[in-house]
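*Asks:*
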Amino acid sequence: MQIHNNHSLKKYNTFGIDAKCKRLVILESEDDIVDYFENHSINSPFLLLGGGSNLLIKNDLDYDVLKPDLLGINLIEEDFDSVTLEVMAGENWHKFVHYLVSNNYYGFENLALIPGNVGTAPIQNIGAYGVEQEQYFVSLHGYNIESKQFEIYTKEQCEFGYRSSIFKSKLKGKFIITSVTYKLSKTDTPNLSYSELENYIIQRRLEATAKNVFDSVIDIRSNKLPSPSQLGNSGSFFKNPIITHTEFDRISTEYSDLRGFPQSDDTVKISAGWLIEKAGLKGYRVGDAAVYEKHALILVNYGNATGDEIWGIAKHVIKTVFDKFQVRLEPEVNVVE
926 MQIHNNHSLK
936 KYNTFGIDAK
946 CKRLVILESE
956 DDIVDYFENH
966 SINSPFLLLG
976 GGSNLLIKND
986 LDYDVLKPDL
996 LGINLIEEDF
1006 DSVTLEVMAG
1016 ENWHKFVHYL
1026 VSNNYYGFEN
1036 LALIPGNVGT
1046 APIQNIGAYG
1056 VEQEQYFVSL
1066 HGYNIESKQF
1076 EIYTKEQCEF
1086 GYRSSIFKSK
1096 LKGKFIITSV
1106 TYKLSKTDTP
1116 NLSYSELENY
1126 IIQRRLEATA
1136 KNVFDSVIDI
1146 RSNKLPSPSQ
1156 LGNSGSFFKN
1166 PIITHTEFDR
1176 ISTEYSDLRG
1186 FPQSDDTVKI
1196 SAGWLIEKAG
1206 LKGYRVGDAA
1216 VYEKHALILV
1226 NYGNATGDEI
1236 WGIAKHVIKT
1246 VFDKFQVRLE
1256 PEVNVVE
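In short: position in the sequence shown from 1, add 925, done, that's our numbering.
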């Protein structure tokens, strides 16, 4: 366990916000987790930090920030068709996907270049280009802070939804994920259900292989999304809203280019980025906080913006979009103060 007092979190969040915390506690083993909570009041606040990629820190934090740093990939089971791997929570997500593709294990190639660590993937139920992590999820292992016991959660117990799970609701701040188990395919059958990705492959006359999907997703994301190492951001800041068919018809009557994606519960998912752009906010900037000029769904820090200033932009976007479309955007990122 490493403990750093009054420590800057600038390099621990992809927005590059220079906020300080009371203590930064690096947890390097399951024993460290047990030791910390044996000496920490259950009622004292703390922030659990993953890769810092889905986080907006509004200001300095007068409490501890915990960063689990457990590493390793363990083979659990393998047969002719599939492989089951336990991945420790501190592993970088993109490096894990690269490992899979390099070893001819398939399923997550569409999720290349998503920032963050493996331990935060189930919390958000991350997804992109037609694939979500829950599709290959088996179980996870972690520490229940209230019971002070290590527990295993199955897919059903995780209550996965669109960019959500039980760890963003009932168990938020009450559970530390230490490892995640996935079952991947050994058959190279890439998912091209997402039209943008399929068109990219077809236009370049690429063979539909997992490796080509992996490389294509990296290229698409690199051209569309700014690298946090060069421009502070957390990727998609808002969830794509899910609305009723009546609401969809109302908006599409005026805007014929609105695209809808029907959901299983008779609702329609629409693009938050489209709403923000149609509201005239693409490129909107106050100081160093802004809506990214190349992609309206992304909020950026051009250098020295504070978390409060980024949040000010977010609130302006939410209000402006609601006033124009009567659709309320919700942050996908975790906003803390």
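For every residue, glycine included, the Cβ atom is placed at its ideal position computed from N, Cα and C.
Output needed for Ser1007: all residues of its chain with C-beta closer than 7 Å, excluding positions within five of it in sequence on either side, in chain order.
*Replies:* Locating residue 1007 in the sequence shown gives position 82, where the first residue counts as 1. Closer than 7 Å at the Cβ level, and outside the excluded window around Ser1007, lie Lys1108, Leu1109, Ser1110 and Lys1111.
*Asks:* Per the DSSP calculation, Asn1259 is bridged to which residue(s)?
*Replies:* To locate residue 1259, count along the sequence shown from 1; it is residue 334. DSSP lists Leu980 as partners of Asn1259.
*Asks:* Could you tell me if His929 is buried or exposed, where buried requires 16 or more neighbouring beta carbons within 10 angstroms of its beta carbon?
*Replies:* Indexing the sequence shown from 1 puts residue 929 at position 4. When all chains shown are included, His929 counts as exposed.
*Asks:* Starting from Glu1011, follow the beta strand (DSSP E) in both directions and report where the run begins and ends.
*Replies:* By 1-based counting over the sequence shown, the position of residue 1011 is 86. Ser1007 to Met1013 is the extent of the beta strand (DSSP E) around Glu1011.
*Asks:* Go to Ser1064, then tell me how far its beta strand (DSSP E) extends in each direction, as first and last residue.
*Replies:* Translated into positions along the sequence shown, residue 1064 becomes position 139. Unbroken beta strand (DSSP E) run through Ser1064: Phe1062 to Asn1069.
*Asks:* List the residues that DSSP assigns as beta-bridge partners of Glu1057.
*Replies:* As a working note, residue 1057 is residue 132 in the sequence shown. Answer is Gly1052.
*Asks:* Would the segment 1166 to 1182 count as touching the segment 1205 to 1217 if we require 3 or more Cβ pairs under 8 Å?
*Replies:* Flag = no, the segment 1166 to 1182 and the segment 1205 to 1217 do not touch.
*Asks:* Would the beta-carbon of Ala1014 fall within 7 Å of that of Ile1145?
*Replies:* Position 89 of the sequence shown, counted from the first residue, corresponds to residue 1014. Position 220 of the sequence shown, counted from the first residue, corresponds to residue 1145. No, the pair does not count as a contact, with Cβ atoms beyond the cut-off.
*Asks:* Which residues does DSSP list as the beta-bridge partners of Arg1210?
*Replies:* Locating residue 1210 in the sequence shown gives position 285, where the first residue counts as 1. According to DSSP, which records beta bridges pairwise, Arg1210 is partnered with Ala1215.
*Asks:* With DSSP run on the structure shown, which of helix, strand or coil describes Ile1039?
*Replies:* The count along the sequence shown starts at 1 and reaches residue 1039 at position 114. Ile1039: coil per DSSP, three-state reduction.
*Asks:* If you scan the segment 1097 to 1126 from start to end, which runs of the beta strand (DSSP E) of 3 or more residues do you find wholly inside it?
*Replies:* 1100 to 1110
*Asks:* Can you list, in chain order, the residues of its chain with a C-beta nearer than 7 Å to that of Leu1206? Leave out the 5 residues immediately preceding and following it.
*Replies:* Walking along the sequence shown from the start, residue 1206 turns up at place 281. Here the set comprises Val1216, Ala1221, Val1242 and Thr1245.
*Asks:* Can you confirm whether the segment 1158 to 1167 touches the segment 979 to 996 when touching is taken to mean that 3 or more C-beta pairs between the two stretches lie within less than 8 Å?
*Replies:* yes
*Asks:* Please report the residue range of the alpha helix (DSSP H) in which His1220 lies.
*Replies:* Your numbering for residue 1220 matches position 295 in the sequence shown. No alpha helix (DSSP H) contains His1220, which DSSP labels as neither H nor E.
*Asks:* Is Asn1165 closer than 7 Å to Ala1197 when the C-beta atoms are compared?
*Replies:* Here residue 1197 is taken as the residue at index 272 of the sequence shown, counted from 1. Here residue 1165 is taken as the residue at index 240 of the sequence shown, counted from 1. Pairing Ala1197 with Asn1165 gives a Cβ-Cβ distance under 7 Å.
*Asks:* With distances taken between CB atoms, is the gap from Leu1038 to His1019 smaller than 7 Å?
*Replies:* As a position in the sequence shown, residue 1038 is number 113, starting the count at 1. As a position in the sequence shown, residue 1019 is number 94, starting the count at 1. Yes, Cβ-Cβ distance for Leu1038 and His1019 is below 7 Å.
*Asks:* What first and last residue would you give for the beta strand (DSSP E) that runs through Asp1190?
*Replies:* Numbered from 1 along the sequence shown, position 265 holds the residue referred to as residue 1190. Per DSSP, Asp1190 is not a residue of any beta strand (DSSP E), being assigned neither H nor E.
*Asks:* Run the CB neighbour count on Tyr988, radius 10 Å, all protein chains shown included, and call it buried at 16 or more, exposed below.
*Replies:* Here residue 988 refers to the residue found at position 63 of the sequence shown. That one is exposed.
*Asks:* Lys1080 and Glu1059 look like a contact to me (Cβ under 8 Å); what is the Cβ gap, rounded to whole Å?
*Replies:* Here residue 1080 refers to the residue found at position 155 when the sequence shown is read from its first residue. Here residue 1059 refers to the residue found at position 134 when the sequence shown is read from its first residue. Yes, Lys1080 and Glu1059 are in contact; Cβ-Cβ is about 7 Å, under 8 Å.
*Asks:* On the three-pair Cβ rule with 8 Å, is the segment 941 to 960 touching the segment 1020 to 1029?
*Replies:* no
*Asks:* Between Ile1223, Lys1073 and Ala1046, which lies nearest to His965 when the distance is taken from Cα to Cα?
*Replies:* For the purposes of this step, residue 965 is identified with residue 40 of the sequence shown, where counting begins at 1. It is Lys1073 whose Cα lies nearest to the Cα of His965.
*Asks:* Can you give me the C-alpha to C-alpha distance between Tyr1087 and Ile1051, rounded to a whole angstrom?
*Replies:* Against the sequence shown, residue 1087 aligns to sequence position 162. Against the sequence shown, residue 1051 aligns to sequence position 126. Tyr1087 and Ile1051 have their alpha carbons spaced roughly 8 Å apart.
*Asks:* Keeping to the same chain, check which residues put their C-beta closer than 8 Å to that of Asp1004; ignore five residues upstream and five downstream.
*Replies:* Within the sequence shown, the letter at position 79 stands for residue 1004. Hits under 8 Å: none found.
*Asks:* Taking the alpha carbon of Ala1239 as the reference point, which residue from Leu1224, Ala1230 and Phe1250 has its own alpha carbon closest?
*Replies:* For the purposes of this step, residue 1239 is taken as residue 314 along the sequence shown, with counting starting at 1. Cα-wise, what sits closest to Ala1239 is Leu1224.
*Asks:* In the segment 930 to 1008, which residue ranges form an unbroken alpha helix (DSSP H) of at least 4 residues, counting only runs that do not cross its ends?
*Replies:* 955 to 963
*Asks:* Under the three-state reduction of DSSP, which class applies to Glu1034: helix, strand or coil?
*Replies:* Numbered from 1 along the sequence shown, position 109 holds the residue referred to as residue 1034. Glu1034 falls in the helix class under three-state DSSP.
*Asks:* What first and last residue would you give for the alpha helix (DSSP H) that runs through Gln1082?
*Replies:* Position 157 of the sequence shown, counted from the first residue, corresponds to residue 1082. Looking at the DSSP string, the run of the alpha helix (DSSP H) that includes Gln1082 is Lys1080 to Cys1083.
*Asks:* Rounded to whole angstroms, what is the Cα-Cα separation between Pro970 and Pro1151?
*Replies:* Numbered from 1 along the sequence shown, position 45 holds the residue referred to as residue 970. Numbered from 1 along the sequence shown, position 226 holds the residue referred to as residue 1151. Going by the C-alpha atoms only, they are around 33 Å apart.
*Asks:* Using only alpha-carbon positions, find the residue among His932, Thr939 and Ile967 that is nearest to Val950.
*Replies:* In the sequence shown, the residue the question calls residue 950 occupies position 25. Answer by Cα proximity: His932.
*Asks:* Taking the alpha carbon of Leu1065 as the reference point, which residue from Val1056, Lys1194, Leu1010 and Gln1188 has its own alpha carbon closest?
*Replies:* For this step, residue 1065 is matched to residue 140 along the sequence shown. Minimum Cα distance to Leu1065 is reached at Leu1010.
*Asks:* Which term fits Glu1071, buried or exposed, when burial requires 16 or more other beta carbons within 10 angstroms of its beta carbon?
*Replies:* Sequence index remark: in the sequence shown, residue 1071 carries index 146 (1-based). So Glu1071 ends up on the exposed side.
*Asks:* Going by beta carbon distance, what residues of the same chain come within less than 6 Å of Glu953, once the five residues before and after it are set aside?
*Replies:* In the sequence shown, residue 953 corresponds to position 28, counting from 1. Result list for Glu953: Asp994, in chain order.
*Asks:* On a Cα-Cα basis, can you pick out the residue from Ile1048, Leu1025, Tyr937 and Phe1250 that is closest to Leu991?
*Replies:* Within the sequence shown, the letter at position 66 stands for residue 991. The shortest Cα separation from Leu991 among Ile1048, Leu1025, Tyr937 and Phe1250 belongs to Tyr937.
*Asks:* Which of the three DSSP states is assigned to Gly1237 in this structure?
*Replies:* Along the sequence shown, read from residue 1 onward, the residue named residue 1237 stands at position 312. Helix at Gly1237.
*Asks:* Among the candidates Phe1247, Ile942, Leu973 and Glu1234, whose CA atom is the shortest distance from the CA of Leu1096?
*Replies:* To locate residue 1096, count along the sequence shown from 1; it is residue 171. Looking at the Cα atoms, Leu973 is the closest of the given residues.
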